[in-house]
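> In my numbering, the protein residues as written are 1 to 461.
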Ligand code: SF4
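1) At what residues does the alpha helix (DSSP H) containing residue 391 begin and finish?
2) Can you tell me the Cα-Cα spacing of residue 21 and residue 399, whole angstroms?
3) Opposite residue 475 in the DSSP bridges: which residues?
4) Determine the direct distance from the alpha carbon of residue 91 to that of residue 191, and round the result to whole angstroms.
5) Quick check: the Cα distance between residue 450 and residue 358, rounded to an integer number of angstroms?
6) Is there a Cβ of chain B sitting closer than 8 Å to that of residue 246, yes or no?
7) Provide the residue(s) that pair with residue 181 in DSSP beta bridges, ordered along the chain.
8) Are there any heavy atoms of the ligand SF4 lying less than 7 Å away from the beta-carbon of residue 185, as far as the coordinates show?
9) Buried or exposed, going by whether 16 or more other CB atoms sit within 10 Å of the CB of residue 462?
10) Along the chain, where does the beta strand (DSSP E) that runs through residue 130 open and close?
11) Tell me, to the nearest whole angstrom, how far the beta carbon of residue 145 is from that of residue 103; I am working on the premise that it is less than 8 Å.
12) Quick one: is residue 131 buried, meaning 16 or more other Cβ sit within 10 Å of its Cβ, or exposed?
13) Under the DSSP definition of a beta bridge, which residues are partnered with residue 253?
14) Of all the alpha helix (DSSP H) runs that stay within the bounds of the stretch 58–83, which reach a length of 4 or more residues?
15) Under the three-state reduction of DSSP, which class applies to residue 420: helix, strand or coil?
16) Helix, strand or coil, according to DSSP, for residue 99 in the structure here?
17) Pop quiz: residue 300 and residue 378 are said to be a contact at Cβ under 8 Å. What is the actual Cβ separation, rounded to whole angstroms?
18) If we count the other Cβ atoms within 10 Å of its Cβ and call it buried at 16 or more, is residue 68 buried or exposed?
19) Check residue 233 in the structure and name its three-state DSSP category.
20) Give the straight-line distance between the Cα atoms of residue 71 and residue 61, rounded to the nearest whole angstrom.
21) Restricting to Cα atoms, I'd like to know which of 415, 81 and 370 is closest to residue 401.
22) Would the C-beta of residue 91 count as close to the ligand SF4, meaning under 7 Å from any of its heavy atoms?
23) Which stretch, first to last residue, makes up the alpha helix (DSSP H) that contains residue 287?
24) Cβ of residue 288 within 7 Å of any heavy atom in the ligand SF4?
25) Would you list the residues sitting across from residue 322 in a DSSP beta bridge?
26) As a quick exercise: from 166, 356, 404 and 121, pick the residue whose alpha carbon is nearest that of residue 212.
27) Per DSSP, residue 412 forms a beta bridge with which residues?
28) Measuring straight from C-alpha to C-alpha, what distance separates residue 201 and residue 195?
29) How long is the line joining the alpha carbons of residue 405 and residue 87, rounded to whole angstroms?
30) Whole angstroms are fine: how far does the CA of residue 325 sit from the CA of residue 347?
31) Contact between the stretch 118–133 and the stretch 146–166 is defined here as three or more beta-carbon pairs at a separation below 8 Å; is this criterion met?
32) Roughly how many angstroms separate the alpha carbons of residue 322 and residue 76, rounded to a whole number?
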């Protein structure tokens, strides 16, 4: 993913990136700046955003054939449910306001697409259902899970939900469907912040959310709580109180994302929640990682767990996966795939057995090596024999510049035929992943706006 030295026309100057500089000038400035930590943070942030934009340039077409399974045929299946009762201002996922009749048709279309993947010869052993809010129509969701289980032997099932859906009837449906991991979007327990991000009214106070979550701890193998740090005005005291809540609930897993203000969301976010300041991000990240270390083991740069199991970054555990549903992304044999972002078009295509992929990006060999480097180190560890098996003995040459840069900056260490992130490196990876997610968020927003403008449905739904 990261080709820091490969690019031309980048100027590094006074903590800023400007354009119009040659490769050799860039490399000289890079090494001069290597000891300046603040400079490095800014540099990584800006440069990785530029690279992510370049790498995530998709070829669009409504006639892209869906990929066939390879020999190593055991993938993760991601299913996207984009409907939400209310749209949160900071959220850059693909989500739309809940409309029961449209959502009902959407769930039915998902079943058709699941069957199509079965006919293509795919085999899945793990499923992640994300959104949006997958539990928005619990009985329909149960039918989807039943359809998946009728077709494949699923060992791991993870479902996302929100605090309002932690009701006995919904929990029973999820439990009966064999859910192993329930991931609850909380973001914060702080009432002031909940109000500023417009969640207080709909999901209740921190104390009320805590009670709802406490009532489901122990029912599933893993209860994960999704949290966000670096909200405007959030400080160590607020984080400390949130972590007290978490320790009190005794949840199995916490995923603490940085606030991701993609370019398309930044203005709305600033208007509604206040100014976003990345200068606080590093301090708050270090603080929460230290605080959570007492009760949790760090599984990835931002996931803290009491036991091993599926984590939010399913892309770390499963290098290849298929995305089903509108706006879902898949990655198979070095190619990224995006399904159409138009709900109506998706329903029409899935019901007519037409491939729903409308955008692809095929990575070159070097890009694939870098992509794996980035994602594997998200979980803190890159294994050399594994890389050698996937990319051949020369993979280190493809990563030479990244390895040099991150070693010189004290971000990685080499141990037992593998690379590990140092605490400093963990924060660099937070910056890298935040930049990548931000660019993906902008891509989603653009696609959503295009669909709103054209409201195109070339297929009957
Ligand atoms: S944060 Fe969750 S509930 Fe809010 S809009 Fe995004 S997906 Fe929906």
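The C-beta atom is built at its ideal place from N, Cα and C for all residues, glycine as well. Bear in mind the structure is a predicted one, so any value in this text is a computation, not a measurement.
In short, the structure shows the following:
1) 384–391
2) For residue 21, the pLDDT reaches just 40, beneath the cut-off of 50, and the residue's location in the model is therefore unreliable, leaving the point undetermined.
3) Residue 475 lies beyond the stretch modelled for the chain, which goes from 1 to 461, so this question has no answer here.
4) 18 Å
5) 13 Å
6) Given the protein chain composition of this structure (a single chain), no chain B is represented.
7) 158 and 222
8) yes
9) In the structure as shown, the chain starts at 1 and stops at 461, and residue 462 therefore has no counterpart that could be examined.
10) 124–131
11) In fact, because the Cβ distance is near 16 Å, the residues do not count as touching under 8 Å.
12) buried
13) 224 and 305
14) none
15) strand
16) coil
17) 6 Å
18) exposed
19) coil
20) 27 Å
21) 370
22) yes
23) 279–292
24) no
25) 77
26) 166
27) 421
28) 7 Å
29) 40 Å
30) 9 Å
31) yes
32) 7 Å
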